[in-house]
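Residue numbers (our numbering), protein chains in the order written: chain U, 1 to 180; chain H, 181 to 360.
Note that beta-carbon positions come from the ideal geometry of N, C-alpha and C, so glycine has one too.
Have a look at the structure below before the remarks.
Protein chains: 2
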Amino acid sequence: MGKKALMPLANGFEEIEAVTIIDILRRAGVEVEIAGLGRYEVLGAHGVAIGAETTIEDAESDNFDLIVLAGGHENAMSLAGDAATLRTLRKMRDDGKLIGAVCAAPIVLAQAGVISGDFTCYDGYEGGIEGAYKRERVVESGNVITARGPGTAADFAFALVTRLIGAEMTAQIKRAMYFD
Amino acid sequence: MGKKALMPLANGFEEIEAVTIIDILRRAGVEVEIAGLGRYEVLGAHGVAIGAETTIEDAESDNFDLIVLAGGHENAMSLAGDAATLRTLRKMRDDGKLIGAVCAAPIVLAQAGVISGDFTCYDGYEGGIEGAYKRERVVESGNVITARGPGTAADFAFALVTRLIGAEMTAQIKRAMYFD
């Protein structure tokens with residue numbers, strides 16, 4: 001059966017991170033739902049407007065194999081204050097599902113209380129996050145995968161694909177996209 | 181005075197390429213106009229819908245320092261058949277302005293007749309393009325810069341920033357995004 005991923009997205013998201021994750025997951029055959037915070041169009045930190053297929057509230061009752069958060073300061077702050085996002089993160093943690101966050105978004109995981117082991121994030125956000133901060137491109141700790149920023153978004157997406165689908169699919173997509 | 185860039189965009193564009201170029205150029209202070217082919221919302225090859233600020237027809241009369249094309253097969257085919265895009269490319273060439281294309285999009289430059297020296301593109305598109313094909317990540321030949329695909333989009337964008345703004349700005353943005 002196919003894998004499903006949810007990406008909650010609010011205004012101020014980092015565009016390269018969001019789109020790199022969505023594009024690579026979809027190339028791997030993962031069904032990705034872009035869920036806007038209360039709206040069907042969200043505006044990125046650098047002025048790129050992206051359409052959402054659903055809202056976070058409507059997506060909450062659905063089942064996903066992965067919840068993944070892009071960064072961008074305003075996006076992360078909004079998601080950290082959104083009850084449906086926090087409930088979904090806790091439900092995914094309790095169900096043993098995969099959770100990912102990049103850049104500023106690990107603070108949303110901290111707000112939901114779903115992060116405790118090793119993690120990374122954009123420099124400066126580590127202060128408010130429990131666990132052991134690692135200054136690495138991508139950090140895997142149990143079912144929680146974190147990454148540093150736009151320049152590590154592809155590595156992060158490939159780590160998610162490897163966990164959801166397998167290493168062979170990752171190698172194949174990397175080659176086709178000239179990421180190898 | 182600030183620099184201005186035009187990105188004509190049609191349905192089927194490669195999302196990582198388009199958004200990586202726009203994001204990095206805007207971080208460098210370049211004003212980027214996303215110009216849809218006859219519409220204000222364009223749908224990427226992997227289902228991501230992006231808002232356009234203008235249409236190619238409306239942007240044609242404006243002045244730009246750079247015209248840059250993302251890839252995606254359908255996007256490139258549509259732009260290669262669009263008279264306004266081809267006219268704008270020729271005008272930019274005649275004015276000695278910077279021209280960039282990645283992935284499948286060098287075939288649009290070939291259709292406009294603005295490519296003649298060394299170039300690169302996504303494997304398989306080189307057949308219909310005059311000039312000397314180089315299997316390299318990014319190729320600069322006079323005012324024409326080409327690149328291979330999604331995995332080389334950031335390198336391509338940084339080459340454009342270096343030409344438009346300077347190497348110091350490129351180094352600064354690379355560092356802030358963890359691309360170094």
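Using beta-carbon distances, H:HIS253 does not count as an interface residue toward chain U, since no partner is under 8 angstroms. The C-beta of H:VAL319 comes no closer than 8 angstroms to any C-beta of chain U.
CA-to-CA, the gap between H:ASP238 and H:ALA264 works out to about 9 angstroms. Closest in alpha carbon position to U:ALA105, among U:LEU69, U:GLY96, U:MET92 and U:ARG26, is U:LEU69. Here the alpha carbon of U:MET92 sits roughly 8 angstroms from the alpha carbon of U:PHE64. Using a CB distance cut-off of 8 angstroms, U:PHE156 does not count as an interface residue toward chain H.
Judged by DSSP in its simplified three-state form, U:GLU60 adopts coil rather than helix or strand. Taking a C-beta cut-off of 7 angstroms against chain H, the contacting residues of the stretch 11-26 of chain U are GLU15, ILE16, VAL19, THR20, ILE22, ASP23 and ARG26, listed in chain order. Around the CB of U:GLY127, fewer than 16 other CB atoms lie within 10 Å, so the residue is classed as exposed. With contact defined as three or more Cβ pairs closer than 8 angstroms, the stretch 160-180 of chain U and the stretch 204-216 of chain H are not in contact.
In the three-state reduction of the DSSP assignment, H:VAL282 falls in the strand class. H:PHE299 is positioned such that its CB atom lies no closer than 8 angstroms to that of H:LYS277. Any Cβ of chain U closer than 8 angstroms to the Cβ of H:ALA256 would place that residue at the interface, and such an atom is absent. Looking at the backbone, the Cα of U:GLU60 and that of U:PHE158 are separated by about 25 angstroms. The beta-carbon distance between H:ALA327 and H:ASP335, rounded to whole angstroms, is 7 angstroms. This is short enough to meet the 8 angstroms contact definition. CA-to-CA, the gap between U:LEU37 and U:ILE50 works out to about 12 angstroms. Relative to the Cα of U:ALA35, the nearest Cα in the group U:GLY47, U:ARG90 and U:LEU79 belongs to U:LEU79. Around the C-beta of H:GLU197, 16 or more other C-beta atoms lie within 10 Å, and the residue is accordingly described as buried. Pairing U:GLY29 with U:VAL102 gives a Cβ-Cβ distance that is not under 8 angstroms. Excluding residues up to 5 positions away in sequence, GLU33 and ILE34 lie with their Cβ nearer than 6 angstroms to the Cβ of U:GLU53 in the same chain.
Pairing U:ILE99 with U:VAL139 gives a Cβ-Cβ distance that is not under 8 angstroms. In this structure, DSSP gives H:LEU217 a state outside helix and strand, which the three-state scheme calls coil.
Counting along the chain, the unbroken alpha helix (DSSP H) around U:LYS174 starts and ends at 167-177. Not a single CB atom of chain H sits nearer than 8 angstroms to the CB of U:THR162. When Cβ-Cβ separations below 8 angstroms define contact, U:ILE67 makes no contact with chain H.
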